[in-house]
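**Student:** Below are the structure tokens for one structure; questions will follow.
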Amino acid sequence: MIVALVDTGNLCDGRKEMKVLVDLCVVPLGVGVSVSSYVAACEKVLVEAGLKVALHSYGTNIEGEWDEVFAAVKRCHEVVHGMGAPRITTTIKLGTRTDRDQSMEDKIRSVREKM
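Below, the structure is given as structure tokens:
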């Protein structure tokens, strides 16, 4: 296993922060079949954090600075637990780049141009 450590305080291109694209799926357990109210509460947290978000049928894409995104994910857990969910399972896929800035729209556009 190779582990790479990144010092987010001083990236190779001189930026102080690290931008991240995240696909987040927060699933409250023990709350019944419908989870839309919990999803809505989490979406509100993400929007109030000032993050760029795109809700989709099985989660939310998020674009922002690493620390801000993960602080908001933590807050989602706090809020959903506060709503009575005794357990939460969360799936996170993420990507970072240091060679250039890339938005969610850039990634989608790149694929559609090749279709």
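Note that the sequence shown covers residues 1 to 115 in the UniProt record's numbering.
From the three backbone atoms N, C-alpha and C, an ideal C-beta is built for every residue, glycine too.
Starting from the Cα of Leu-21, find the closest Cα among Met-115, Lys-114, Cys-76, Ser-103 and give me that residue.
**Tutor:** Of Met-115, Lys-114, Cys-76, Ser-103, the residue nearest in Cα terms is Ser-103.
**Student:** Let me check one thing: in DSSP terms, what residues is His-56 bridge-paired to?
**Tutor:** The partner list for His-56 (beta bridge, DSSP) reads Gly-59.
**Student:** Any idea if Ala-40 is buried or exposed, counting beta-carbon neighbours within 10 angstroms, 16 or more meaning buried?
**Tutor:** Exposed, since its Cβ has fewer than 16 Cβ neighbours within 10 Å.
**Student:** Could you tell me which residues DSSP pairs with Val-35 in its beta bridges?
**Tutor:** Its beta-bridge partners do not exist; DSSP assigns none.
**Student:** Quick check on Asp-101: does DSSP put it in helix, strand or coil?
**Tutor:** Asp-101 falls in the coil class under three-state DSSP.
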